Amino acid sequence: MASSKETYRVELRAAARQLGERGLYSAAKWAAELLVGIEPDATPAPSLVMDTPSSSGSAASGGRLLHLHRSGGSSFRRRLRPGAAEAGTPLGGVSYVSTPIPDDDAFDVGGDRYLLAKTYFDCREYRRAAHVLRGQTGRKAVFLRCYALYTAGEKRKEEETVELEGSLGKSNAVNQELVALERELATHRRTGAIDSFCLYLYGIVLRDKGSEALARTVLVESVNSYPWNWSAWLELQSLCTSSDILNNLNIKNHWMKDFFLASAHLELKMHEEALKRYERLMGVFRCSDYIQAQIATVQYSMRDLDEADMIFEELLRTDPFRVDSMDVYSNLLYAKESSTALSFLAHRVFLTDKYRPESCCIIANYYSLKGQHEKSVLYFQRALKLNRKYLSAWTLMGHEFVELKNTPAAIDAYRRAVDINPRDYRAWYGLGQIYEMMGMPFYAVYYFRKSSYLQPNDARLWNAMAQCYESDQLQMIEEAIKCYERSANNNDTEGIALHQLAKLHGMLGQSEEAAFYYKKNLERMEVEERQAQNFVEALLFLAKHCKSIGRFEEAEHYCTRLLDYTGPERETAKSILQGLKRAQSVLPLMDIDHFAIKLHIAGDVDLVCMMISSSC
Numbered sequence: 150m151a152s153s154k155e156t157y158r159v160e161l162r163a164a165a166r167q168l169g170e171r172g173l174y175s176a177a178k179w180a181a182e183l184l185v186g187i188e189p190d191a192t193p194a195p196s197l198v199m200d201t202p203s204s205s206g207s208a209a210s211g212g213r214l215l216h217l218h219r220s221g222g223s224s225f226r227r228r229l230r231p232g233a234a235e236a237g238t239p240l241g242g243v244s245y246v247s248t249p250i251p252d253d254d255a256f257d258v259g260g261d262r263y264l265l266a267k268t269y270f271d272c273r274e275y276r277r278a279a280h281v282l283r284g285q286t287g288r289k290a291v292f293l294r295c296y297a298l299y300t301a302g303e304k305r306k307e308e309e310t311v312e313l314e315g316s317l318g319k320s321n322a323v324n325q326e327l328v329a330l331e332r333e334l335a336t337h338r339r340t341g342a343i344d345s346f347c348l349y350l351y352g353i354v355l356r357d358k359g360s361e362a363l364a365r366t367v368l369v370e371s372v373n374s375y376p377w378n379w380s381a382w383l384e385l386q387s388l389c390t391s392s393d394i395l396n397n398l399n400i401k402n403h404w405m406k407d408f409f410l411a412s413a414h415l416e417l418k419m420h421e422e423a424l425k426r427y428e429r430l431m432g433v434f435r436c437s438d439y440i441q442a443q444i445a446t447v448q449y450s451m452r453d454l455d456e457a458d459m460i461f462e463e464l465l466r467t468d469p470f471r472v473d474s475m476d477v478y479s480n481l482l483y484a485k486e487s488s489t490a491l492s493f494l495a496h497r498v499f500l501t502d503k504y505r506p507e508s509c510c511i512i513a514n515y516y517s518l519k520g521q522h523e524k525s526v527l528y529f530q531r532a533l534k535l536n537r538k539y540l541s542a543w544t545l546m547g548h549e550f551v552e553l554k555n556t557p558a559a560i561d562a563y564r565r566a567v568d569i570n571p572r573d574y575r576a577w578y579g580l581g582q583i584y585e586m587m588g589m590p591f592y593a594v595y596y597f598r599k600s601s602y603l604q605p606n607d608a609r610l611w612n613a614m615a616q617c618y619e620s621d622q623l624q625m626i627e628e629a630i631k632c633y634e635r636s637a638n639n640n641d642t643e644g645i646a647l648h649q650l651a652k653l654h655g656m657l658g659q660s661e662e663a664a665f666y667y668k669k670n671l672e673r674m675e676v677e678e679r680q681a682q683n684f685v686e687a688l689l690f691l692a693k694h695c696k697s698i699g700r701f702e703e704a705e706h707y708c709t710r711l712l713d714y715t716g717p718e719r720e721t722a723k724s725i726l727q728g729l730k731r732a733q734s735v736l737p738l739m740d741i742d743h744f745a746i747k748l749h750i751a752g753d754v755d756l757v758c759m760m761i762s763s764s765c
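So in my numbering, spot 243 of the sequence shown is number 392, and the numbers just go up one at a time.
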């Protein structure tokens with residue numbers, strides 16, 4: 150256990166240094182945070198007496214002090230599966246391949262020039278950095294030169310877009326360095342004179358040029374030769390748009406693969422698989438903020454808002470200046486309508502770094518919850534000026550335009566979100582809502598289908614699609630029933646599906662099915678202590694249904710409950726009760742006469758006469 154932890158520490162220390170020296174700052178930060186997240190080794194408690202074999206043995210077995218980065222009462226730690234935290238490796242019983250850490254050539258011939266180029270790169274003078282390294286053949290120098298050229302091309306592309314179309318406009322501007330970089334990196338790969346970092350850059354270039362299949366192959370080569378570059382894993386993840394593509398990747402079984410698969414499963418909405426892997430990874434990386442944030446994101450995606458809220462709160466207590474993943478937390482607080490907590494979070498990130506895209510998104514959510522949609526749009530636009538590919542900002546800004554009844558702007562925002570990530574179910578759902586509002590249910594159904602395919606466990610999407618099928622233009626009642634059934638099976642907390650299923654079955658004359666769903670909805674409302682108009686409607690239908698099939702006691706029970714309400718339903722209940730009393734008074738005489746006829750047929754005349762005289 151201790152030796153495996155020390156192996157991870159050695160690898161991550163080297164990775165954080167090597168990635169930082171190449172200007173891959175996000176990957177270096179991720180490696181350094183993961184390094185600190187490794188659970189500290191247990192140490193014997195200090196003793197006042199001299200150590201003896203017996204005393205040291207007892208200290209080792211019963212007196213070890215385990216210093217944890219978080220408090221032991223964490224709600225998340227309590228829910229770890231038994232055995233998950235004791236595994237010697239992130240996935241207990243799995244044998245990992247060892248990957249040698251490459252030696253750097255920073256101070257070979259031209260090392261001083263590399264230092265100068267790296268300084269220029271850090272000062273965002275990318276073309277100067279590339280110019281200084283011209284003619285350098287070391288692999289590290291080749292990477293930094295190519296990476297500086299790529300970054301300079303991206304910077305110029307953004308400038309052209311702003312000049313031509315404005316900060317949020319669409320543009321056909323492209324990175325002018327892509328062609329030359331592809332030619333050079335392809336030559337290096339063909340001759341074998343390429344390292345994992347240049348393979349990573351080559352994969353990005355191929356992705357930008359639309360060669361996704363080859364980009365996946367190249368990125369797999371990169372992570373297999375240097376698995377600690379988290380940025381390469383994320384680029385590979387963005388190209389895995391289905392579980393089939395993910396399962397067909399030929400990746401070596403390094404421990405970093407577990408982090409990649411967990412993240413990819415979360416992106417592909419395979420929440421249970423993602424949660425299982427993250428729980429196992431906590432066995433070694435118990436103090437990792439990244440893993441806890443990912444688990445909270447999984448819980449939020451699974452609509453377990455309270456559990457996710459507790460984890461995010463704990464993250465903020467231990468790292469009060471954290472901005473990463475806090476935009477997800479703001480979405481959670483918005484969904485829970487926790488205005489006080491969202492106000493506190495918005496104020497905190499504003500003081501920490503108000504010009505981070507995530508900070509702008511959090512502040513926008515705060516204004517949206519207050520109903521100030523114009524201000525919310527302003528902050529979403531500010532977030533997009535800082536990062537034009539910020540997916541959540543496009544989608545949420547579309548929601549705000551819907552609130553403002555700005556349909557063209559909402560459609561544009563949702564389409565921009567779908568262009569960035571076709572698997573964003575919220576954007577597809579937003580487009581469906583827009584077209585439904587415009588009275589175009591065929592288009593709306595198409596977009597709702599896309600969203601429900603990507604998020605099949607969300608009852609709201611099935612309800613929205615069912616309502617389209619119910620519309621006057623479609624009148625596809627059977628399809629609506631199927632959608633509502635899917636919603637009811639996916640924990641429809643609002644109870645829309647059960648009520649609508651009861652109504653639709655009633656419209657089709659299927660009274661038994663209607664009664665079944667009305668009864669289920671009645672039970673749900675009783676548990677939740679909700680007694681709205683749907684409650685009265687369910688009681689009235691069940692009273693009439695039970696009377697029609699001769700279950701008079703049940704009918705009387707439902708009518709009696711209706712007497713507690715005002716309105717026409719109460720008068721209807723009184724009328725039904727009167728009818729029940731008349732029916733019950735006639736029924737005994739009918740039963741006696743019917744039994745007498747049977748006895749007369751059987752020939753027992755004396756018993757018949759006795760029964761008739763007693764009844765009279």
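Cβ atoms here follow ideal geometry from the backbone N, Cα and C, with glycine treated the same way.
Nothing here was measured: the structure is a model prediction, and the numbers come from that model.
Item, Value
"7 Å Cβ shell around E314 - same chain, five flanking residues per side excluded", "S320"
"The alpha helix (DSSP H) enclosing M546, as first and last residue numbers", "L540 to E552"
"Secondary structure of G134, DSSP reduced to three states", "In the structure as shown, the chain starts at 150 and stops at 765, and residue 134 therefore has no counterpart that could be examined."
"Straight-line Cα distance separating Y515 from E552", "15 Å"
"Collapsed DSSP secondary structure at D621 in the structure displayed", "coil"
"Ordered list of alpha helix (DSSP H) runs contained in the region 654–713, each at least 4 residues", "660–677, 682–697 and 701–711"
"Stretch pair the region 274–283 + the region 492–502: three plus CB contacts closer than 8 Å", "no"
"Nearest residue (CA-CA) to A180, options R673, A290 and R166", "R166"
"Meets three-Cβ-pair contact criterion under 8 Å: the region 445–459 and the region 519–534", "no"
"Backbone CA spacing between A615 and Y666 [nearest angstrom]", "16 Å"
"T642 (DSSP reduced to helix, strand or coil)", "coil"
"Per-residue burial, S247 [other beta carbons within 10 Å of its own, 16 or more giving buried]", "exposed"
"I343 beta carbon near the ligand GTP (any heavy atom closer than 7 Å)", "The model on display carries no ligand, and the ligand GTP is accordingly not part of it."
"Among E661, L653, S387 and L410, the one whose alpha carbon lies nearest that of P571", "S387"
"From L535, A542, V567 and N536, residue whose alpha carbon lies closest to that of P529", "Here residue 529 turns out to be Phe, not Pro, going by the sequence shown. Selected option, being the one with the closest Cα: A542."
"Cut-off 7 Å between Cβ atoms - residues of its own chain near E160, not counting five sequence neighbours on either side", "I250 and W377"
"Alpha-carbon spacing of E705 relative to V676, whole angstroms", "22 Å"
"Residue burial classification, M475 (beta-carbon count within 10 angstroms, cutoff 16)", "buried"
"Spatial distance of T156 from A163 (CA atoms)", "11 Å"
"Between the CA atoms of D713 and Y478 - distance to the nearest angstrom", "43 Å"
"Where R288 sits in the DSSP three-state scheme", "helix"
"Contacting residues, own chain, Cβ-Cβ under 7 Å from A364 (five flanking each side not counted)", "G352, L355, R356 and L388"
"Same chain, Cβ closer than 6 Å to K401, neighbours up to 5 away in sequence not counted", "V246 and N373"
"Option in K418, E416, L417 and L410 with minimal Cα separation from R429", "L410"
"Burial state of S488, where buried means 16 or more other Cβ atoms lie within 10 Å", "exposed"
"Exposure label - D621; buried when at least 16 CB within 10 Å", "exposed"
"Residue environment, E549, which counts as buried when at least 16 other CB atoms sit within 10 Å", "buried"
"Secondary structure, alpha helix (DSSP H): runs of 4+ residues fully inside the region 311–375", "327–340, 345–357 and 361–374"
"The region 440–451 contacting the region 408–422, beta-carbon criterion three pairs below 8 Å", "yes"
"Minimum C-alpha distance to S412 - residue among N399, R426 and W404", "R426"
"Enclosing alpha helix (DSSP H) for S474 [first to last residue]", "It is not in any alpha helix (DSSP H) - S474 carries neither H nor E in the DSSP assignment."
"Whole-number beta carbon distance between K538 and I569, since they are thought to touch under 8 Å", "5 Å"
"Collapsed DSSP secondary structure at C509 in the structure displayed", "helix"
"Collapsed DSSP secondary structure at M419 in the structure displayed", "coil"
"N- and C-terminal bounds of the alpha helix (DSSP H) containing S601", "P590 to L603"
"Bounding residues of the alpha helix (DSSP H) (the contiguous stretch that carries K631)", "I626 to A637"
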